[in-house]
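Notes to accompany the following structure.
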Amino acid sequence: MPNKFFENNENYNFVQFDLLFGKKYEQEPSKILLGLKVTLSPKWKIYWRNPGDAGLPPEINIQSTNNIKSAYLLFPSPKRFNFYDIETFGYDEEVIFPLIIKSLDNSNSISGILELNAQVCSEICVPVNHKFNLSNINYSNNISSSLEKILLYNSTVPKLLKNNQLKLMSTVVENNNLKLSFLNDLNIKPTDIIVEDIKGNIYQKPIYSSRNKTLEVIIDINTINADFLKKYIKLTFLTNDISYETIITNSIKLKNNNLDYKNNSNSNSYLGFEIIVIAFLGGIILNFMPCVLPILSLKMVQLVSYRTIKKNIYTNKIFFNILGILTTFLLFAITAHLIKTAGNLIGWGIQFQNPYFIFFMIILTLFFSLNLFGVFQYFIPSKILTVLSYRKEGFIGDFLTGMSLTLLATPCTAPLVGTAIGFALSGNAAQIYTILLIMGIGLSTPLILILVFPKIISFIPKPGNWLIIFKKIMGLLLLLTTVWLISIFVELNSNTNKNSKNYSDNELIINWDIDNNFNLPDELVKKGNIVFVDVTADWCLTCLVNKSLVLDTERVNQLFIENNVITLRLDWTKPNEHIKKFLVTNGRFGIPFNKMYGPSISNGRILPELLSLKIIREYIEIAK
79 MPNKFFENNE NYNFVQFDLL FGKKYEQEPS KILLGLKVTL SPKWKIYWRN
129 PGDAGLPPEI NIQSTNNIKS AYLLFPSPKR FNFYDIETFG YDEEVIFPLI
179 IKSLDNSNSI SGILELNAQV CSEICVPVNH KFNLSNINYS NNISSSLEKI
229 LLYNSTVPKL LKNNQLKLMS TVVENNNLKL SFLNDLNIKP TDIIVEDIKG
279 NIYQKPIYSS RNKTLEVIID INTINADFLK KYIKLTFLTN DISYETIITN
329 SIKLKNNNLD YKNNSNSNSY LGFEIIVIAF LGGIILNFMP CVLPILSLKM
379 VQLVSYRTIK KNIYTNKIFF NILGILTTFL LFAITAHLIK TAGNLIGWGI
429 QFQNPYFIFF MIILTLFFSL NLFGVFQYFI PSKILTVLSY RKEGFIGDFL
479 TGMSLTLLAT PCTAPLVGTA IGFALSGNAA QIYTILLIMG IGLSTPLILI
529 LVFPKIISFI PKPGNWLIIF KKIMGLLLLL TTVWLISIFV ELNSNTNKNS
579 KNYSDNELII NWDIDNNFNL PDELVKKGNI VFVDVTADWC LTCLVNKSLV
629 LDTERVNQLF IENNVITLRL DWTKPNEHIK KFLVTNGRFG IPFNKMYGPS
679 ISNGRILPEL LSLKIIREYI EIAK
């Protein structure tokens with residue numbers, strides 16, 4: 079059907095324009111509400127007032143009009159689009175831009191040509207121009223359906239908040255992040271937040287959470303020009319209901335072109351003490367995680383062997399165990415510091431994605447296993463055997479055992495470990511070294527207790543025939559560890575991509591192709607789905623425990639089916655920069671990682687490292 083406002087316009091096969099009449103404002107007769115309707119073909123979009131990394135926003139021109147004082151084009155809540163790491167903001171399918179016109183003389187009609195200039199994009203961008211003849215508007219024909227549509231889109235235009243409606247309580251800079259805390263009396267629950275500076279630059283999507291009338295927004299300040307940020311920062315809170323905008327000015331102090339925050343000294347010391355305690359407890363917990371169970375067998379054999387040796391030798395062997403643990407954590411800290419200085423993302427346990435490291439661990443665990451079986455005593459000279467064994471002064475073996483214990487503890491995060499690692503790897507050099515060494519002390523705590531209280535060793539039975547059997551059992555566990563490492567080595571050297579495989583015939587389980595669609599969870603949630611993200615790897619024993627005892631059980635599977643929970647699976651066995659970026663974006667640097675999304679928690683909620691049926695059920699209820 080021809081457009082009645084058509085005026086010397088070019089026909090586009092990917093977009094159509096219409097001008098809808100809304101109403102005249104009774105209390106302001108000079109004010110008229112119109113709606114500029116844009117209908118787009120699939121895969122085409124038009125931009126928001128701030129298009130982001132590319133594109134141009136729609137603009138109107140009233141130079142060829144009569145009796146118009148001003149015209150304001152309003153922009154409804156946009157969508158965030160990601161195309162090859164280029165983020166833009168706009169609309170697809172259909173959008174109606176509310177248009178408020180004020181006339182010079184309300185006793186006369188407006189007339190002339192209203193011109194629209196915009197850019198419409200798919201894989202290419204096309205500049206478009208459309209002219210509307212205002213003389214053809216029938217003011218008496220107030221079509222209710224048109225007005226309803228205009229008002230519907232007008233209700234989604236972000237509303238500018240006053241300071242007392244969303245009060246900024248604090249601004250804190252830590253770990254290269256700017257944390258804004260608001261008093262959220264309006265109970266705003268964002269589905270997305272857009273961050274703009276005084277120059278109109280849009281930055282990386284922030285991390286945010288809303289609970290107990292507090293709204294927290296965490297912005298990555300590495301990508302923000304501090305000179306712009308100190309003057310002005312604009313936050314647009316997009317929600318499923320009413321969207322809002324707030325502007326923050328002159329609230330952040332700067333020093334040497336870096337964000338500088340001076341908090342209360344007591345709160346700072348508390349935070350420092352708190353994270354040290356978390357790191358220490360996390361290190362202790364690592365002693366009991368599935369990742370360290372293989373090498374724990376080796377430690378048990380050592381403790382039994384120490385039962386009959388002299389006190390000074392026994393003390394030195396314990397010391398070299400601890401030294402091996404702390405040396406490995408120091409090497410982790412140095413590596414993390416160098417990687418971060420080079421501007422790259424850091425991941426906890428990513429050495430297990432390196433086939434050379436896995437090959438080294440295969441040799442090491444096989445050596446320890448064969449040593450427990452007594453194989454080496456038949457063909458290795460006794461002097462070399464003494465150096466490498468756990469008898470007499472074989473301190474090199476003790477040092478290597480400490481290193482091995484640490485290396486095998488790193489594939490997985492554990493309760494509190496994820497928090498400490500996140501704080502360390504996102505912090506400065508001092509925080510990286512301090513937190514990782516404190517965690518090393520936590521992992522060494524059982525050995526430190528034996529070193530300080532040597533009588534503890536007396537609770538271990540004296541060596542006998544049982545020890546021979548015990549060594550063979552422990553040697554078998556280490557041999558199984560070697561087989562497990564060999565399977566990882568084979569997988570790393572294969573050409574298959576597990577994220578492209580079909581793990582199940584269940585329609586609710588999707589192997590997420592994160593390389594081609596980084597924002598899939600957000601897209602599914604916007605359609606009203608509950609989404610469960612599971613990031614795993616063959617080298618993560620805690621992940622495998624979660625899968626075998628919880629995620630792959632019939633009860634959890636039935637629970638997901640009953641609640642239509644879509645599972646997105648990511649396999650991080652091999653290096654993948656998009657998976658690493660996804661974890662870092664969520665404030666995590668290692669796995670296991672599980673996150674639940676839903677209508678009530680559109681930003682998602684991260685689950686504990688160790689899962690259970692009860693935890694899964696609770697998070698599904700929260701997400702509904």
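My numbering numbers the first residue of the sequence shown as 79 and each following residue consecutively. Think of the CB as a built atom: it goes at the ideal place given N, C-alpha and C, for glycine as much as any other residue. Note that this is a predicted model, so its numbers are computed, not measured.
I need the straight-line Cα distance from residue 244 to residue 206, nearest angstrom please. For this step, residue 244 is matched to residue 166 along the sequence shown. For this step, residue 206 is matched to residue 128 along the sequence shown. For residue 244 and residue 206, the distance between alpha carbons rounds to 39 Å.
Using 10 angstroms around the beta-carbon of residue 666, count the other beta-carbons present and answer buried if the total reaches 16, otherwise exposed. Sequence index remark: in the sequence shown, residue 666 carries index 588 (1-based). Buried is the call here.
Quick one: measure Cβ to Cβ for residue 393 and residue 529, integer angstroms, because I've assumed they're closer than 8 Å. Translated into positions along the sequence shown, residue 393 becomes position 315. Translated into positions along the sequence shown, residue 529 becomes position 451. Rounded, the Cβ-Cβ distance is 7 Å, consistent with contact.
Which term fits residue 642, buried or exposed, when burial requires 16 or more other beta carbons within 10 angstroms of its beta carbon? Locating residue 642 in the sequence shown gives position 564, counting from the first residue. Under this definition residue 642 is an exposed residue.
How is the alpha helix (DSSP H) around residue 658 delimited, first residue to last? Sequence index remark: in the sequence shown, residue 658 carries index 580 (1-based). Looking at the DSSP string, the run of the alpha helix (DSSP H) that includes residue 658 is 655 to 663.
Kindly indicate the opening and closing residues of the alpha helix (DSSP H) around residue 476. The sequence position of residue 476 within the sequence shown is 398, counting from 1. Residues 473 to 485.
Taking contact to mean at least 3 C-beta pairs separated by less than 8 Å, is the region 140 to 156 in contact with the region 226 to 239? yes
Quick one: what does DSSP say residue 94 is sitting in, helix, strand or coil? Counting from 1 along the sequence shown, the entry for residue 94 is found at position 16. Of the three classes helix, strand and coil, the one that applies to residue 94 here is strand, per DSSP.
Does the separation of the CB atoms of residue 175 and residue 212 fall below 8 Å? Taking the sequence shown and counting its residues from 1, one reaches residue 175 at position 97. Taking the sequence shown and counting its residues from 1, one reaches residue 212 at position 134. No; because the gap between Cβ atoms is not below 8 Å, this pair is not in contact.
For residue 150 and residue 356, I'd like the C-alpha separation in whole angstroms. The count along the sequence shown starts at 1 and reaches residue 150 at position 72. The count along the sequence shown starts at 1 and reaches residue 356 at position 278. Computed Cα separation, rounded: 53 Å.
Could you give the distance in angstroms between the alpha-carbon of residue 267 and the alpha-carbon of residue 93? Here residue 267 is taken as the residue at index 189 of the sequence shown, counted from 1. Here residue 93 is taken as the residue at index 15 of the sequence shown, counted from 1. So the two alpha carbons sit approximately 33 Å from each other.
Could you give the distance in angstroms between the alpha-carbon of residue 432 and the alpha-carbon of residue 568? On the sequence shown, position 354 is the one that residue 432 refers to. On the sequence shown, position 490 is the one that residue 568 refers to. C-alpha separation (whole angstroms): 12 Å.
Report back the beta-carbon spacing between residue 560 and residue 444 to the nearest angstrom; my notes put them in contact at under 8 Å. Looking up residue 560 in the sequence shown gives position 482. Looking up residue 444 in the sequence shown gives position 366. Correct: roughly 5 Å between the Cβ atoms.
State the start and end residues of the unbroken alpha helix (DSSP H) segment that holds residue 599. By 1-based counting over the sequence shown, the position of residue 599 is 521. It spans 598 to 604 - the alpha helix (DSSP H) in which residue 599 sits, taken as one unbroken run.
Would you call the region 404 to 413 in contact with the region 506 to 523, where contact means no fewer than 3 C-beta pairs closer than 8 Å? yes
To the nearest angstrom, how far is it from the Cα of residue 214 to the Cα of residue 178? Stepping through the sequence shown from its first residue, residue 214 is reached at position 136. Stepping through the sequence shown from its first residue, residue 178 is reached at position 100. So the alpha carbons of these two residues sit roughly 17 Å apart.
Restricting to Cα atoms, I'd like to know which of 87, 182, 119 is closest to residue 107. By one-based count along the sequence shown, residue 107 stands at place 29. Nearest of 87, 182, 119 to residue 107, Cα basis: 182.
By the three-class DSSP mapping on this structure, what secondary structure does residue 292 have? Here residue 292 is taken as the residue at index 214 of the sequence shown, counted from 1. It is a strand residue.
Using the C-alpha atoms, what's the distance from residue 362 back to residue 448? As a first step, residue 448 is located in the sequence shown; it is residue number 370 there, counting from the start. As a first step, residue 362 is located in the sequence shown; it is residue number 284 there, counting from the start. Whole-angstrom Cα-Cα distance: 29 Å.
Residues near residue 608 by beta carbon distance below 8 Å, same chain, minus five either side: Looking up residue 608 in the sequence shown gives position 530. Cβ neighbours of residue 608 beyond the five flanking positions: 641, 642, 643, 644, 674, 675, 676, 677, 698, 701, 702.
Same chain, Cβ closer than 6 Å to residue 165, neighbours up to 5 away in sequence not counted: For the purposes of this step, residue 165 is identified with residue 87 of the sequence shown, where counting begins at 1. Cβ within range, chain order: 130, 131.
Whole angstroms is fine: what's the gap from residue 639's alpha carbon to residue 663's? In the sequence shown, the residue the question calls residue 639 occupies position 561. In the sequence shown, the residue the question calls residue 663 occupies position 585. If you take the alpha carbons of residue 639 and residue 663, they lie about 29 Å apart.
Taking the beta strand (DSSP E) that residue 524 belongs to, which residues open and close that run? Reading the sequence shown from its first residue, position 446 is the one you call residue 524. Here residue 524 belongs to no beta strand (DSSP E); instead the alpha helix (DSSP H) covers 507 to 530.
Given 8 Å, three or more beta-carbon pairs between the region 267 to 277 and the region 310 to 319: yes
Through-space distance from residue 622 to residue 629, alpha-carbon basis: What you label residue 629 is simply residue 551 of the sequence shown in a count that begins at 1. What you label residue 622 is simply residue 544 of the sequence shown in a count that begins at 1. Going from the Cα of residue 629 to the Cα of residue 622 covers about 9 Å.
If you follow the alpha helix (DSSP H) that residue 620 is part of, which residue opens it and which one closes it? Counting from one through the sequence shown, the residue named residue 620 turns up at place 542. 619 to 624 is the extent of the alpha helix (DSSP H) around residue 620.
Please name the residue or residues paired with residue 196 in a DSSP beta bridge. Counted from its first residue, the sequence shown places residue 196 at position 118. Paired residue(s): 206.
Quick one: residues in its chain with C-beta nearer than 7 Å to the C-beta of residue 234, no 5 flanking neighbours on either side, listed in chain order? For the purposes of this step, residue 234 is taken as the residue at position 156 of the sequence shown. The answer, listed in chain order, is 154, 155, 321.
Per-residue burial, residue 196 [other beta carbons within 10 Å of its own, 16 or more giving buried]: Against the sequence shown, residue 196 aligns to sequence position 118. Under this definition residue 196 is a buried residue.
Cβ-based burial, residue 578 [other Cβ within 10 Å; buried from 16]: One-based indexing of the sequence shown puts residue 578 at position 500. With a pLDDT of only 49 at residue 578, under 50, the local geometry of the prediction cannot be trusted, and the value read off the model is given with reservation. Answer is exposed; the Cβ neighbour count stays below 16.
On the DSSP letters alone, give me the boundaries of the beta strand (DSSP E) that residue 149 sits inside. Sequence index remark: in the sequence shown, residue 149 carries index 71 (1-based). From DSSP, the beta strand (DSSP E) with residue 149 extends over 146 to 151.
Closer than 6 Å by C-beta to residue 136: which residues in its own chain qualify, once you throw out the five before and the five after it? Chain order, please. In the sequence shown, the residue the question calls residue 136 occupies position 58. Counting only Cβ-Cβ distances below 6 Å, and skipping sequence neighbours, we find 196.
Residues that residue 432 bridges to, as DSSP identifies them: On the sequence shown, residue 432 is found 354 positions in, with the first residue counted as 1. Partner(s): none; residue 432 has no beta bridge.
If distances are taken between C-alpha atoms only, which option among 588, 671, 96 comes closest to residue 618? As a working note, residue 618 is residue 540 in the sequence shown. Looking at the Cα atoms, 671 is the closest of the given residues.
The beta strand (DSSP E) enclosing residue 159, as first and last residue numbers: Taking the first residue of the sequence shown as 1, we reach residue 159 at position 81. 157 to 161 is the extent of the beta strand (DSSP E) around residue 159.
Grab me the residues of residue 403's own chain with a C-beta within less than 7 Å of its C-beta, minus the 5 sequence neighbours each way, in chain order. Here residue 403 corresponds to residue number 325 of the sequence shown, with the count starting at 1. Hits under 7 Å: 480, 483, 484, 518, 521, 522.
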